[in-house]
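Trainee:
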Amino acid sequence: MNETTLQEIIEKERQEMAKYAHIIHVCAGTGCISSSSPLIIAALEKEIKERGLQDSVMVKQVGCMGLCAEGPIVSIKPDGILYKTVTPDDVPEILDSLGGEPVERLKIDTTQPFFTRQVKVTLAHSGSINPEKINDYIAQGGYQAEVKALTSMTPQEVIDEIKRSGLRGRGGGGFTTGQKWQMVHDAPGDTKYVICNADEGDPGAFMDRSILESDPHGVIEGMAIAAYAVGASYGYIYVRAEYPLAIKRLRLAIRQAEKNGFLGDNIAGTGKSFNIELRLGAGAFVCGEETALISSIEGERGTPRTRPPYPSVSGLLGYPTLINNVETLANVAHILRKGGDWFASIGTEKSKGTKVFALTGKIGNTGLIEVPMGITLREIIFDTGGGIPGGHRFKAVQTGGPSGGCIPESLLDTPVDYETLNQLGSIMGSGGMIVIDETSSILEVAKYFIEFSVDESCGKCLPCRIGNVQILNLLNKIIDRKGTMEDLDKLEELCEMVASTSLCGLGKAAPNPVLSSLKYFRDEFLERIAESGPAIPVEMPAKDSVRVNK
Amino acid sequence: MTIANPPVQKIEVDLNDRRWKLVRLTMEKHKFSRRALIETLHVIQDKFGYIDTDAIAYVAQELKIPLSKVYGVVTFYNDFTSKPAGEHTLMLCTGTACYVKGNDKIVEYMKEKYGLEPNQTTPDNKLSFLTARCVGACGLAPVMILDGQVMGKMTVEEMKAKIEEWIDHE
């Protein structure tokens, strides 16, 4: 496989597509499949055959188009019409309308801010290619970056390009990707590994699932480039078992990439080899932490290890290991194709490029969006997100899942980047954004996340294992209107203790939901305490708040 | 779950059983490396629906891993269960998006109406009530999965009615 063969495939695909007057894209992501999009594809194919339109109209299953709550989504190309909540019964009407007036009652207004405010880099292929066909990916420029890197760049040149782009880890931490690559590259030894962290465990976050389902080759190409840059010949994708469709498409994509010579031995005639194996998670949130993930790949309980040594020096089986998140890797091929400077021109001074967010909760446009770094939270929620439905008032937006915090309305004009969100006591996190309106209690939300951390604590270090249980007990006491001001002090003290003494990043961040709530919504705590009766003697921990092993 | 003392006798499984054959093949594929443990357990969970003490002992013996270690791994991960699930399963997503849209009320409802806490099965083994941390279909929140069929975008009352209808029907 080389540049010429890639161009041949592109030309062949172009000619093939040119014969169709209309191409009907039907979303085949998890959300739309659940609302029966496969039935629409079947109905379209049947009706097209019956009408004898096979030579002029094509049906194509594509990845996520973003507006998940309005699914199933159907898009007509090249007209650029978008339809929502389509049912198989709508099929004849849609086919009747081709080339004429669109079906008004199903049409989505594509001039609304949801579409116009987005900048698609990571999701560029999402919703436009068939994720199960490698040639569709190649036709849109896919695998050119890998061939270019392996045949005409040195590993150091690839790393320099990534450094120039300013790309930072999209999994939450925000570590500079180029620097991470450099560390693994510089580590001594011939055996190195590349791991793609696809253990997306934050509740309310589905960016990585969507990327893997919509554009699996983009992630594989990113991994292959990373492997070349750091000198690895073996890689793992650690993916949640809860994502069956993503797993199926990844398996297929790996096989296709092997068959076409983008993975395997002697890639593009360079003598370089790179193989990828899938590893399925088994339902442990903590495995999203990089050292726990490594333990899990090694077949052990997924418990974190102390760092240093960092995985870049001593990771999988003790060898230097590069771990990047799905979204980070999905940006790599785009950067090599368009240049680091192009990528760096998007975003803010310290946070470059775009970020994919999963907008959920009490918001008009539930779904997946990609926006440039530096956009304000207000723009995301009220413009792109369409505001709060049902005439309710905005109360808070939760970012960063169980490691993040709730941000109040007064801070909505904050530009989104790694540093500003940290300063607010939340984190960028992987990209889940849950909007909470006045009907939800902040205390209940904080309790929800602490319960999550209690359940998911791996049990290795004491502050996280026991501290979180005690935080939950105190929270419950306050929620049940039995708390005192003393409890509030104790709660704060405990949170600080867990944050400063836990072993891994997840333990350190576990009190964030409580701390940020205390910072911005202290009144709600004080209200409950004011409603409490006279102080009562010390209570034993509630039985049901202690983790029961199955 | 209780575990007996390490077995003195060699544990044999019925390799004519297609399921055990697949388990064996998985271990062979990984050259009986101890790193194959989780992959092997996935196959057992997938094919049998649960991992019992005999299965644990067999895997420990074949991969030459201490019984305690295998038990530790099985109990660590939520996806591995030591008991079979009921005939029908109701899986409720309790991810944040589903939670703020009312699935917390369904958890209460299951307890009140059917006496089931999350991850419990009715005594007649007909129905298991499971919860998932997030199935990643937040666009459809609140989500529940009845025997593998995903349902979403319902009000709490609609969900209750649907559950009742489904349970009566099945």
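These protein sequences, in sequence, are chains A and B.
Be aware that the first sequence starts at 69, since it is given in the working numbering, and climbs by one per residue.
Be aware that the second sequence starts at 1159, since it is given in the working numbering, and climbs by one per residue.
Glycine residues also receive a C-beta, built at the ideal position from the N, C-alpha and C atoms.
If you're wondering where the values come from, they're calculated on a predicted model, not measured in any experiment.
1. How far does the beta strand (DSSP E) with B:C1251 in it reach, from first residue to last?
2. When the cut-off is 7 Å and only beta carbons count, does B:R1182 lie next to chain A?
3. Any residues in the segment 1177–1211 of chain B with a beta carbon nearer than 7 Å to a beta carbon of chain A? Which ones, in chain order?
4. On a Cα-Cα basis, can you pick out the residue from A:M85, A:D270, A:S509, A:Y378 that is closest to A:R590?
5. Could you check where the alpha helix (DSSP H) with A:T184 kicks off and where it finishes?
6. Skipping 5 residues on each side, what residues in its chain have a beta carbon closer than 6 Å to that of B:E1245?
7. Pull the bridge partners of A:K420 from the DSSP assignment, please.
8. Just reading off the alpha helix (DSSP H) that A:L489 is part of, what are its end residues?
9. Name the chain B residues whose beta carbon is nearer than 9 Å to that of A:C136?
10. On the criterion of 16 or more Cβ atoms from any shown chain inside 10 Å, does B:E1322 qualify as buried, or is it exposed?
11. Take A:T179 as the anchor and find which of A:G454, A:Q247, A:Y311 has the nearest alpha-carbon.
12. Would you decide whether A:K545 is buried or exposed? Buried here means 16 or more other CB atoms lie within 10 Å of its CB.
13. So is B:A1255 in contact with chain C if we call contact Cβ pairs under 7 Å?
14. Can the beta-carbon of A:E438 be found less than 7 Å from the beta-carbon of A:T190?
15. Check whether the Cβ of B:M1309 sits closer than 6 Å to any heavy atom of the ligand GDP, and report yes or no.
16. Candidates A:T244, A:V171, A:T153, A:H253: which alpha carbon is nearest B:G1297's?
17. Compare the C-beta of A:F274 with all C-beta atoms of chain B and state if any pair is closer than 7 Å.
18. Pull out every residue of the segment 1215–1241 of chain B whose Cβ sits closer than 9 Å to any Cβ of chain A, in chain order.
19. Give me whichever residues DSSP pairs with B:S1286 in a beta bridge.
20. Does the CB of B:V1308 have a neighbour CB from chain A at under 7 Å?
21. Contact criterion: CB-CB distance below 7 Å. Does B:V1144 meet it with respect to chain A?
22. Helix, strand or coil: how does DSSP classify A:S143 here?
23. Counting only beta-carbon separations shorter than 7 Å, does A:S380 have a partner in chain B?
24. Taking A:D548 as the reference, give the member of A:R238, A:A598, A:E326 with the closest Cα.
25. Give a yes or no on whether the C-beta atoms belonging to A:S494 and A:S584 are separated by under 7 Å.
26. Could you check the C-alpha separation between A:S332 and A:S363 for me, to the nearest Å?
27. Considering only DSSP beta bridges, list what A:E438 is partnered with.
28. Is the distance from the Cβ of A:E44 to the Cβ of A:C572 below 7 Å?
29. Write down every uninterrupted run of the alpha helix (DSSP H) in the segment 195–245 of chain A whose length is 4 residues or greater and which is fully enclosed by it, in chain order.
30. Kindly give me the distance between the Cβ atoms of A:A350 and A:A309, rounded to whole angstroms, as I take these residues to be in contact under 8 Å.
Mentor: According to the structure shown:
1. 1246–1251
2. no
3. R1192, R1193, A1194, L1195, I1196, H1200
4. A:S509
5. 181–184
6. K1284
7. A:G415
8. 486–491
9. A1295, C1296, G1297, L1298
10. exposed
11. A:G454
12. buried
13. Absent from the structure is chain C; the protein chains it does hold are A and B.
14. yes
15. No copy of the ligand GDP appears in this structure; indeed no ligand is present at all.
16. A:T153
17. yes
18. L1221, I1223, K1227, G1230, V1231, T1233, F1234, Y1235, N1236, D1237, F1238, T1239, S1240, K1241
19. B:T1247, B:T1279
20. yes
21. Residue 1144 of chain B is absent from the structure shown; chain B starts at 1159 and stops at 1328.
22. strand
23. no
24. A:A598
25. yes
26. Inspection of the sequence shows that residue 332 of chain A is occupied by Gly rather than by Ser. Approximately 26 Å between the Cα atoms of the pair.
27. A:V424
28. Not covered by the structure: residue 44 of chain A. The range shown for chain A is 69 to 618.
29. 202–207, 212–220, 223–233
30. 6 Å
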